[in-house]
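The block underneath contains the structure these notes are about, expressed in structure tokens.
2 protein chains.
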Amino acid sequence: MKQLEHPDPDEMTLTGVLGALSDPVRLSIVNQLAGCDERGSSEFDCDIANSTLSHHLKVLRLAGIIQHRKEGTRCFVSVRPDLEKAFPGLLASVLRFHQPVQN
Amino acid sequence: MKQLEHPDPDEMTLTGVLGALSDPVRLSIVNQLAGCDERGSSEFDCDIANSTLSHHLKVLRLAGIIQHRKEGTRCFVSVRPDLEKAFPGLLASVLRFHQPVQN
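As they're listed, the protein sequences go chains A and B.
Heads up: the first sequence begins at 1190 in our numbering, then just goes up one per residue.
Heads up: the second sequence begins at 1190 in our numbering, then just goes up one per residue.
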């Protein structure tokens, strides 16, 4: 199975990261990932269509925030360590203010 | 002269703030403001048209990041204290990684 494209660390930009985080669903996804090693890409607690979830995961991946790992027919997602190297502490500073949407 | 609209503090959102900061010009404007009390709205070091600058200032204002103060025919801009109250430390965490564009 083909691995998905990830930007090089020197292609990651502060504005790109902020833009990718400027959406409630994407912020929720990253918040869920921040507390675990990795998660199956279909295991997020988001009440949205699979195609919409895929779109949000792609935006986060292309900004350098998350990484995808394919294993057989499954896909696993995690926060990309390069993000912390490029912008140490930034993600924690943002997630500190994240308030999960009440259903 | 009519004062411009500013959102109530409870209308400010984390995603709105991140979105407004996810642009190199707007990040540069906020970075220039962070080091001073206030600045004339035409005194920014940005190589862009006045109309474009006005647009960026409006986006920042409607996100709750900056405030406008009109005095006679002049307009002054500053970082809005409500931002720090709503998201303490967030702006500093972001600006830490801002690198001015090299001309």
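Just so you know, even glycine gets a beta-carbon here, dropped at the ideal spot from N, CA and C.
Everything numeric in this text was worked out from a predicted model, so none of it was measured.
The alpha-carbon separation between residue 1273 (chain B) and residue 1279 (chain B) amounts to approximately 7 Å.
Taking 8 Å as the upper bound for CB-CB distance, residue 1238 (chain A) and residue 1209 (chain A) are not in contact here, some 19 Å apart.
A buried status is given to residue 1250 (chain B), since no fewer than 16 other beta-carbon atoms sit within 10 Å of its beta-carbon. The bridge partners DSSP lists for residue 1228 (chain A) are A:1266. Residues of the same chain with a CB within less than 6 Å of the CB of residue 1205 (chain B), apart from the 5 flanking positions on each side, are 1252 in chain order.
Within the stretch 1222-1247 of chain A, no residue has a Cβ lying closer than 8 Å to any Cβ of chain B. Per DSSP, the continuous beta strand (DSSP E) segment holding residue 1258 (chain B) begins and ends at 1255-1260. Bounds of the alpha helix (DSSP H) holding residue 1218 (chain B) are 1213-1223.
In this structure, the CA atom of residue 1218 (chain B) is about 46 Å from the CA atom of residue 1262 (chain A).
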